[in-house]
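Last residue of the sequence shown? That's 441 in my numbering, and every number before it is there in order. Backbone N, C-alpha and C define an ideal beta-carbon position, used for all residues, glycine too. Computed from a predicted model, the values in this text were never measured in an experiment.
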Amino acid sequence: MEVIDAYIDATRGVDATGRVNRQLNANYRYAFASMVDSLRGLAGRSDLGRVALKVTWSNNVKAETVRIGDVAYIVYDQFVGQTFRRLTRFTVTEHEVAHLDAYLFKLYANLFLVNGHPRTALEFGLRHHGMKGKHALPPPRMEEQEAWHGLQEHFVLAHELAHWFLRSGTLEAMQARTNFLTSLRAAGSYSEHRRTGSWRMRSLDESVRTWRVSVQRAFGLPPSDSAEQRYRDTYATQTFNYPKNEMEQILQLFSEGNEELIEECVCDGVATNLVGEFAEKVGMTYLDGMRASFAALKNMRFLRQVDAKAKARVNNLPVSAGELTWNSPDVLRWITYRSSLFAIALRRMHGIEHWTHRDAFSLLDYVANSRVLEKFHAPLVSYSVDFYERLHDHAFDIFTKFIAVSAIEELRQDPGYRKINDMTLTQCIIMTKACCSWV
Ligand SMILES: [Zn+2]
């Protein structure tokens with residue numbers, strides 16, 4: 003057995019590679035090979051080294067790169083795609099809140115299992131199971147094309163490949179890094195300059211608005227004045243201390259050499275290029291690729307936030323723990339990404355989309371092209387609004403703080419609960435899987 007397979011068995015369970023759907027596996031391999039070719043093409047004669055794809059199917063939503071000897075193995079789990087599909091459907095489709103709750107119980111159950119807390123996982127699993135009839139979502143709408151979902155998954159692969167490319171230490175990789183940071187300066191000034199509010203971090207008022215929508219949907223009533231005041235107080239102190247000129251501040255951080263963060267941001271940019279290019283190759287548009295990358299990154303951030311909440315819960319931290327603040331790496335990455343999308347769009351208009359190629363655009367160039375830039379940007383903003391109204395705010399401000407708390411409390415009051423306390427951890431794992439239909 004090869005070392006990489008032993009690693010996968012140990013971290014994702016035996017047979018994690020054997021269970022992969024054959025059609026999906028072929029799709030991933032095709033996209034992977036195509037994107038590797040693009041990067042090798044960009045690198046010209048420079049040697050990027052060896053890279054290989056390992057697809058698994060486990061309960062682990064983490065994609066990772068494992069270096070063994072001189073090969074970079076990119077481990078990708080089919081489960082990422084399933085999760086993305088779900089989250090995207092909740093974002094783009096009208097749904098009953100109970101369907102979302104049922105799914106969130108299951109998602110948390112999974113994260114508690116993966117993080118090694120089977121007893122808590124079982125509590126959430128039981129709650130999921132109890133919501134009979136709410137497990138299946140209504141059938142998808144036409145516009146949720148399968149291929150577009152596939153592109154979201156390719157973004158995850160592309161991001162890992164971008165790490166492989168950047169870590170090659172080649173001249174081309176260094177150029178990509180430099181060009182990304184240079185482009186960001188003008189693109190960042192442009193997004194500051196627009197000052198429409200929609201592309202900046204949500205303002206407190208915007209947040210209150212989507213939160214009110216979520217409360218109305220969940221409880222059938224608008225929030226009371228005092229509840230709204232509490233929401234405003236909490237969020238004004240925790241989350242909305244964003245500085246003016248966000249991008250300036252981030253560039254300042256970058257110049258102080260936060261290499262890890264810089265690399266993540268550059269990889270997101272390189273990955274978006276790769277996905278756009280691949281979309282065109284398979285009959286979609288470059289813009290489809292950008293939209294899919296945007297959605298994928300939003301979904302990834304959502305999952306990291308759920309994971310942070312799950313960890314806070316098992317460590318008995320207050321519910322507010324795991325709340326994102328302005329300087330959390332995820333937020334900085336997201337702000338950077340939104341500005342870099344303007345750069346990608348403008349570069350694309352001028353046929354210099356690859357980050358290995360330099361551009362010399364100034365703020366004036368962005369302003370001069372603003373009509374086209376706004377047109378590309380509008381569907382992303384509307385996706386974003388749906389994401390907050392239908393998924394995000396309910397998940398974090400209502401489900402985590404109220405629905406899950408009272409549902410689990412109620413479960414613990416139940417006379418049958420003592421049985422759960424007497425169960426071994428292995429029994430808890432088996433039962434959680436049965437509750438969530440993972441067996
Ligand atoms: Zn990364």
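Member of the options whose CA lies at the smallest distance from the CA of residue i
i, options, result
"Arg293", "Arg306, Ser170, Ala273 and His119", "Ala273"
"Ser295", "Ala312, Val308, Val277 and Arg303", "Val277"
"Gln63", "Leu223, Leu382, Pro331 and Phe114", "Correcting the residue type first, residue 63 is Val in the shown sequence and not Gln. Closest option to Val63, Cα to Cα, is Phe114."
"Ile410", "Arg121, Ala362 and Ser48", "Arg121"
"Phe256", "Arg335, Gln231 and Phe363", "Arg335"
"Ala111", "Val99, Ala104, Asn117 and Gly127", "Gly127"
"Lys56", "Ala314, Ile422, Gly171 and Arg21", "Arg21"
"Asp7", "Ile70, Glu162 and Leu44", "Ile70"
"Asp79", "Glu265, Gly15, Ala35 and Leu106", "Gly15"
"His352", "Tyr368, Thr338, Thr13 and Arg340", "Tyr368"
"Leu173", "Ala138, Arg303, Arg47 and Val215", "Arg47"
"Thr426", "Asp388, Trp440 and His119", "His119"
"Gln84", "Leu26, Glu96 and Asp49", "Leu26"
"Tyr30", "Leu44, Ala12, Val158 and Ala314", "Val158"
"Ile432", "Asn61, Ser228, Leu124 and Ile354", "Leu124"
"Thr184", "Arg349, Asn423, Thr434 and Asp11", "Arg349"
"Ala469", "Val82, Leu343 and Phe81", "This structure gives no information on residue 469, because the portion of the chain shown stretches from 3 to 441."
"Tyr419", "Asp39, Arg129 and Glu4", "Arg129"
"Glu279", "Val73, Pro331 and His156", "His156"
"Leu50", "Glu265, Asp388, Ala74 and Asn61", "Ala74"
"Leu109", "Val333, Ala310, Phe389 and Ile337", "Ala310"
"Val284", "Phe304, Tyr32 and Asp72", "Tyr32"
Alpha-carbon spacing of residue i relative to residue j, whole angstroms
i, j, result
"Cys269", "His359", "15 Å"
"Leu153", "Gly291", "6 Å"
"Ala149", "Gln415", "46 Å"
"Ala2", "Gly190", "What the structure shows of the chain is the stretch from 3 to 441, and residue 2 is not part of that stretch, so it cannot be assessed."
"Tyr385", "Arg52", "37 Å"
"Trp201", "Ser193", "Residue confidence is low: Trp201 scores 42 on pLDDT, short of 50, so the model does not pin down where it sits. Its coordinate-derived value is still stated next. So the two alpha carbons sit approximately 7 Å from each other."
"Gln177", "Glu248", "25 Å"
"Val527", "Val374", "A query on residue 527 cannot be resolved here, the shown segment of the chain reaching from 3 to 441 and no further."
"Pro417", "Asp17", "39 Å"
"Val99", "Glu230", "20 Å"
"His101", "His396", "12 Å"
"Trp59", "Thr19", "6 Å"
"Leu41", "Lys403", "44 Å"
"Phe34", "Ala164", "12 Å"
"Arg87", "Glu258", "38 Å"
"Asn275", "Ile346", "8 Å"
"Tyr105", "Gly43", "42 Å"
"Ile422", "Ala298", "37 Å"
"Gly199", "Leu289", "Only weak support is given to the placement of Gly199: the predicted model assigns it a pLDDT of 44, under 50, and the question is left unresolved by the model."
"Ala380", "Ser216", "23 Å"
"Arg211", "Val407", "24 Å"
"Ala138", "Phe92", "12 Å"
"Ser170", "Arg214", "48 Å"
"Thr236", "Glu376", "33 Å"
"Arg24", "Phe81", "14 Å"
"Asn317", "Glu391", "29 Å"
"Glu282", "Arg234", "44 Å"
"Pro331", "Leu206", "21 Å"
"Ser209", "Val94", "19 Å"
"Tyr339", "Ala312", "26 Å"
"Gln218", "Pro224", "5 Å"
Inter-residue CB distance, residue i and residue j (contact presumed, cutoff 8 Å)
i, j, result
"Arg179", "Leu168", "7 Å"
"Met37", "Ala160", "6 Å"
"Phe401", "Asp103", "6 Å"
"Trp357", "Phe182", "5 Å"
"Ala65", "Glu4", "About 19 Å; that fails the 8 Å criterion."
Listed in chain order, which residues are found with a beta carbon closer than 6 Å to a heavy atom of ligand 1?
His161, His165, Glu266 and Cys269
Which runs of the beta strand (DSSP E) at least 3 residues long sit entirely within the region 41 to 104? Give them in chain order.
52 to 58, 66 to 70 and 73 to 79
Only counting runs of 4 or more residues, tell me where the alpha helix (DSSP H) segments fall wholly within the region 387 to 435, in order along the chain.
406 to 415 and 419 to 424
Threshold first: 4 residues or longer. Then list the alpha helix (DSSP H) segments lying entirely within the region 158 to 220, N to C.
173 to 196
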